[in-house]
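Engineer: Residue numbers (the numbering used here), protein chains in the order written: chain W, 1 to 113; chain X, 1001 to 1113.
Okay, handing you the structure first.
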């Protein structure tokens, strides 16, 4: 069975600072990994995905994530935080059949002026 | 950009009543999903649907739940006899294929009184 752990339910950074949101997964098969963002009163929006190939994946809004097989991690980063990045971020992994997502508990990102 | 739409945005129902949540997936997508998010908790998988049948379901998706694609565009989730603990945000999602990114609607907030 798949599982996802997001360390830190709340992360606070200053505007312009580096954003690092941590995600570790467990999977019995090569994983497909995703990061989603949820703004207040909205659904989940796909930020980026890792399927196969290059381990560094770039997404929307300047975010990127690196798949690290040995550490079973898929941390999300952004070099410089904007106020508009304040939201909840979810890491997710698919199952073997690719027909369900298992989500982490989410990390709420706060950006201070 | 095509999107998944869900109606209603908020549903208030008395305990024990039946409720139907509606979704219109993206038109060329073949896989359909329901997830729920209880307030303050993680997003949980309920069910996936492909080729007019359930392809995967979680232990949450018991006999009180059912899904249907009544026509070529709608995808519904029915809860037969609602309980207080069914209060949650319910998200519909669709994807072009298994392991493809899932696109989410904005959700239906279900409140059981």
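Glycine included, C-beta positions come from ideal geometry on N, C-alpha and C.
Mind listing the chain W neighbours of residue 1101 of chain X? Cutoff is C-beta to C-beta under 8 angstroms, in chain order.
Structural biologist: What residue 1101 of chain X touches in chain W: 34, 46 and 49.
Engineer: Is residue 24 of chain W close to chain X? Criterion is C-beta to C-beta, closer than 9 angstroms.
Structural biologist: By this cut-off, residue 24 of chain W is not an interface position.
Engineer: Answer yes or no: does any C-beta atom of chain W fall closer than 9 angstroms to that of residue 1087 of chain X?
Structural biologist: With 9 angstroms as the cut-off, residue 1087 of chain X does not count as an interface residue toward chain W.
Engineer: Classify residue 78 of chain W as buried or exposed, calling it buried when 16 or more other Cβ atoms lie within 10 Å of its own Cβ.
Structural biologist: Buried is the call here.
Engineer: If you pair each beta-carbon of the segment 1078-1093 of chain X with each one of the segment 1014-1027 of chain X, do three or more pairs fall below 8 angstroms?
Structural biologist: Touching, yes.
Engineer: What whole-angstrom Cβ distance do residue 92 of chain W and residue 104 of chain W have, given they're in contact under 8 angstroms?
Structural biologist: Their Cβ separation, rounded to whole angstroms, is 7 angstroms, which keeps residue 92 of chain W and residue 104 of chain W in contact under 8 angstroms.
Engineer: Shorter than 9 angstroms from the beta carbon of residue 94 of chain W to some beta carbon of chain X?
Structural biologist: Taking Cβ atoms only, chain X reaches closer than 9 angstroms to residue 94 of chain W, which makes this a yes.
Engineer: Does DSSP put residue 60 of chain W in a helix, in a strand, or in coil?
Structural biologist: Three-state DSSP puts residue 60 of chain W in a helix.
Engineer: State the Cα-Cα distance for the pair residue 1057 of chain X and residue 101 of chain W, rounded to the nearest angstrom.
Structural biologist: Computed Cα separation, rounded: 11 angstroms.
Engineer: So, at 7 angstroms on beta carbons, what are the nonlocal neighbours of residue 12 of chain W in its own chain, with the 5 sequence-adjacent residues on each side left out?
Structural biologist: 110 and 112.
Engineer: Just the chain X side, please: which residues come within less than 7 angstroms of residue 103 of chain W by C-beta, in chain order?
Structural biologist: Chain X residues near residue 103 of chain W: 1042 and 1043.
Engineer: Quick check: residue 1032 of chain X and residue 1049 of chain X, are their CB atoms within less than 9 angstroms of each other?
Structural biologist: Result yes, Cβ atoms of residue 1032 of chain X and residue 1049 of chain X sit closer than 9 angstroms.
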